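Asks: Sequence positions in the sequence shown follow the working numbering and run 93 to 287.
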Amino acid sequence: MPTFAADPLVHFVQRTFYAAGASEATAQLVAESLVSSNLGGHDSHGVIRVVQYLNHIHSGDLRAAAIPRIRRETSVITLVDGDYGFGQAAAHFAMTKSIEKASEHGLSAAGLIDSQHVGRLGERPDVREITCVADADRLDDFDAKLRPDLGDAIRVFVPVKLEMRQKRRRFTKQFLAGVNEQSAEFRNSKALLIR
């Protein structure tokens, strides 16, 4: 298997997406995201996606020149419209807005709509302290007898320093107990259906 140095690979991928219509900044962000996924051992979300993204650009499913924008917002919530562009750019935009709001108000949440593949979700929580991701497309159908493909709809990433492990374990147990209780209520009541 051939081995490539990261920097030339980032440059190659960046130039490829720039040539396909992305801005230099967006092409750089996506290239760094893909190569970072490979370097982190997540090859399924790495440069293997370049051909897929190019095919989506060619078919019109991905708008390379799209610029994410705010569809709606409050003081702590932002709904970002990705305009069917690169998901990495839209997710980065949403995360940046959420960080700004959390810095001012102590908490925030961001939603992302009309976006293409966002890449490795774990890449963004590695940057910030706590992130919850609702995977609406993967929610199980409440009439189904099978569990969802990827587990519960809420994902929690809590990267912490070594001295915080005990606090993280207690928080995680308490949080997951609440999530499981809420999930059971939703499954039993059919009160929530997100599409």
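Idealized CB from N, CA, C, for every residue including glycine. Model, not experiment: these values are computed from the prediction.
(1) Beta strand (DSSP E) containing glutamate 192: first to last residue?
(2) Between Ala194, Thr108 and Tyr176, which lies nearest to serine 151 when the distance is taken from Cα to Cα?
(3) Is the distance from the Cβ of valine 127 to the Cβ of leucine 154 below 8 Å?
(4) Along the chain, where does the beta strand (DSSP E) that runs through isoleucine 88 open and close?
(5) Take the Cβ of alanine 114 as the centre, count every other Cβ of all protein chains shown within 10 Å, and call the residue buried at 16 or more, exposed below.
(6) For leucine 199, which residues from the same chain have a beta carbon less than 7 Å from its beta carbon, with the 5 sequence-adjacent residues on both sides left out?
(7) Could you give the C-beta distance for phenylalanine 109 and alanine 156, rounded to a whole number, given that I count them as a contact under 8 Å?
(8) Cutting at 6 Å between CB atoms, please list the residues of its own chain near glycine 138, excluding the five before and the five after it.
(9) Would you mind working out which of Glu192, Ser190, Val172 and Thr188 sits nearest glutamine 208, comparing C-alpha positions?
(10) Classify glutamate 215: buried if its beta carbon has 16 or more other beta carbons within 10 angstroms, exposed otherwise.
(11) When you compare the CB positions of isoleucine 205 and glycine 174, do they come within less than 8 Å of one another, or not?
(12) Is the separation between the beta-carbon of threonine 170 and that of lysine 189 shorter than 8 Å?
(13) With burial defined as no fewer than 16 other Cβ atoms inside 10 Å of the residue's Cβ, what is the status of glutamine 184: buried or exposed?
(14) Given that a residue counts as buried once 16 or more other Cβ atoms are within 10 Å of its Cβ, and exposed if not, what is alanine 98?
(15) Return the residue from the list Lys193, Ile191, Ser195 and Ala158 that minimises the CA-CA distance to alanine 119.
(16) Nearest to glutamine 106 by CA position, among Ser136, Arg164, Val142 and Ala201, is which residue?
(17) Which class does threonine 50 belong to by DSSP, given the choice of helix, strand or coil?
(18) Under the DSSP definition of a beta bridge, which residues are partnered with alanine 202?
(19) Could you please give the first and the last residue of the uninterrupted alpha helix (DSSP H) stretch that includes histidine 150?
(20) For serine 136, count the other beta carbons within 10 Å of its own beta carbon; 16 or more makes it buried, fewer makes it exposed. Which is it?
Replies: Checking against the coordinates, here is how it stands:
(1) From DSSP, glutamate 192 is part of no beta strand (DSSP E) but of the alpha helix (DSSP H) over 179-197.
(2) Nearest C-alpha to serine 151: Tyr176.
(3) It is not a contact, given that the beta carbons lie outside the stated cut-off.
(4) In the structure as shown, the chain begins at 93 and stops at 287. Residue 88 is therefore absent and cannot be evaluated.
(5) Buried: at least 16 other Cβ atoms inside 10 Å.
(6) Cβ neighbours of leucine 199 beyond the five flanking positions: Val168.
(7) Confirmed, about 7 Å.
(8) Only residues of its own chain outside the window of five on either side were considered, and among them Leu126, Ser129 and Asn130 have a CB closer than 6 Å to the CB of glycine 138, listed in chain order.
(9) Nearest C-alpha to glutamine 208: Val172.
(10) By the 10 Å Cβ count, glutamate 215 comes out buried.
(11) Result yes, Cβ atoms of isoleucine 205 and glycine 174 sit closer than 8 Å.
(12) For threonine 170 and lysine 189, yes; Cβs fall inside 8 Å.
(13) The residue you asked about is not glutamine; residue 184 is histidine in the sequence shown. Burial state of histidine 184 is buried, judged by a 10 Å Cβ sphere holding 16 or more other Cβ atoms.
(14) By the neighbour-count rule (16 or more Cβ atoms within 10 Å), alanine 98 is not buried but exposed.
(15) Out of Lys193, Ile191, Ser195 and Ala158, Ala158 has the C-alpha closest to the C-alpha of alanine 119.
(16) Among Ser136, Arg164, Val142 and Ala201, the Cα nearest to that of glutamine 106 belongs to Val142.
(17) In the structure as shown, the chain starts at 93 and stops at 287, and residue 50 therefore has no counterpart that could be examined.
(18) DSSP lists Thr170 as partners of alanine 202.
(19) In the DSSP assignment, histidine 150 falls within the alpha helix (DSSP H) that extends over 141-151.
(20) Answer is exposed; the Cβ neighbour count stays below 16.
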